[in-house]
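Structure first, commentary second.
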Amino acid sequence: MQYSQRGFTLIELMVSLALGLIIVAAATMLFIAGQKSFALQQGASDIQDNANFALNYITKDIRMANLNAVTATMTAGSANGGIVFGTTNLAGVASSTVSQSAVSNTSNVNVGSDQLVIQYLPTQAQIDSGLFDCEGTQVTDASVYVVERYFVRQDANINSNETSATALALACAAGRSNNVNAFNNDNGQIVMKRVDYFHVLLTVQNSSGNFQDMTIAQYTTNAPTARIVGVKLGILARSNQSVGADSNINLAKSFTLLDQSVTLNSTIKNAQIKNLRQIITQTVAIRNALGGR
């Protein structure tokens, strides 16, 4: 009886192994590409969801600025004016809790974030229907001004790839005009996570009827008597999760936000942790400042 041996030759075995390795490599590349694509899509969705909720929340309250004020003309010198620049607008307010430009240590870019402080006097109808300030506290007195401060601060809840210095968020602190000391010391509640920079422009109208956008610092220095009729908000937002250190994201690029061009600071650049970033802007007309012409 004759026995024949069958099997792969050495060359056939090497070819089959090579083909197997190619298939495994291709599958691995597809998996990695899919993971990167998922991270990018998740980052974009994170920014959009965060921004949509926050901007709707913020603009709703800012539109109430100057409600029931003594005069519709809103300037830096207006008593109980809708935007708070100092004690002329709100007695007892601290210099650190008024509207101002470029507050130190409040951004992840080369300039500090701005701070916007508004106030309004609610109507009894609003209170009866259930009115809450930006911290979720119910408003109960129609004779007391509601004061709200929008600013950037550190978030205590950080991810493993973050530090407390870079985990910044847009927060809102709310208070009442009859208890300004509590307002001055309020750290607020976060309304939008992972904000690298917050910028504010004031839309003003001069005595000639011309409109102009100015920073808070420009307004208080050069045109404190011009009438404020609107606010422009600019936010440089980033995704909560990183998208991988090898992602094709340029940390050295500049971002044009309203009237400014900003770049990420050295702390972010040196960390080489890459996140999706997006510029978000919103224009808010302060209708309570448009009357009485």
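With positions in the sequence shown counted from 1, the corresponding number in the working numbering is that position plus 1444. Ideal Cβ positions, reconstructed from N, Cα and C, are used throughout, including at glycine.
Inter-residue Cα distance where the pair is residue i and residue j
i     : j     : result
G1735 : A1615 : 30 Å
T1665 : T1659 : 10 Å
A1513 : T1541 : 20 Å
R1737 : V1588 : Note that R1737 scores 47 on pLDDT, short of 50, meaning its location in the model is unreliable; the coordinates nonetheless yield the value given after this. Their Cα atoms are separated by approximately 26 Å.
R1731 : T1472 : 57 Å
L1565 : A1586 : 7 Å
N1719 : D1490 : 11 Å
A1462 : L1454 : 12 Å
I1693 : D1703 : 24 Å
T1532 : S1651 : 22 Å
F1529 : L1474 : 56 Å
G1536 : N1524 : 12 Å
R1721 : R1682 : 4 Å
G1556 : D1640 : 10 Å
I1502 : A1729 : 13 Å
Three-state class that DSSP yields for residue i in the structure shown
i     : result
Y1501 : helix
Y1589 : coil
Q1716 : coil
L1708 : strand
G1735 : coil
L1454 : helix
S1686 : coil
G1464 : helix
V1583 : coil
T1665 : helix
Bridge partner(s) assigned by DSSP for residue i
i     : result
A1681 : V1639 and Q1722
M1744 : The displayed coordinates of the chain run from 1445 to 1737. Any statement about residue 1744 would go beyond what the structure contains.
T1727 : K1676
Q1598 : L1612
L1701 : Q1704
Buried or exposed (CB count within 10 angstroms, at least 16 for buried), residue i
i     : result
D1493 : exposed
R1678 : One detail in the question is off: residue 1678 reads as Gly in this sequence, not Arg. So G1678 counts as buried.
K1697 : exposed
L1560 : buried
N1510 : buried
E1456 : exposed
T1607 : exposed
M1636 : buried
L1612 : buried
G1632 : buried
L1645 : buried
Q1544 : buried
M1518 : buried
L1465 : exposed
M1508 : buried
V1687 : buried
A1569 : exposed
N1623 : exposed
F1642 : buried
V1648 : buried
is_contact[residue i, chain D] using C-beta, thresh 7 Å
i     : result
F1699 : Chain labels in this structure do not include chain D; a single protein chain is all it has.
Length at least 4, wholly inside the stretch 1498-1581: the alpha helix (DSSP H) runs in chain order: 1568-1573
Counting only runs that start and end within the stretch 1601-1656, where is the alpha helix (DSSP H) found for 4 or more residues in a row? Whole alpha helix (DSSP H) segments, 4+ residues: 1624-1628.
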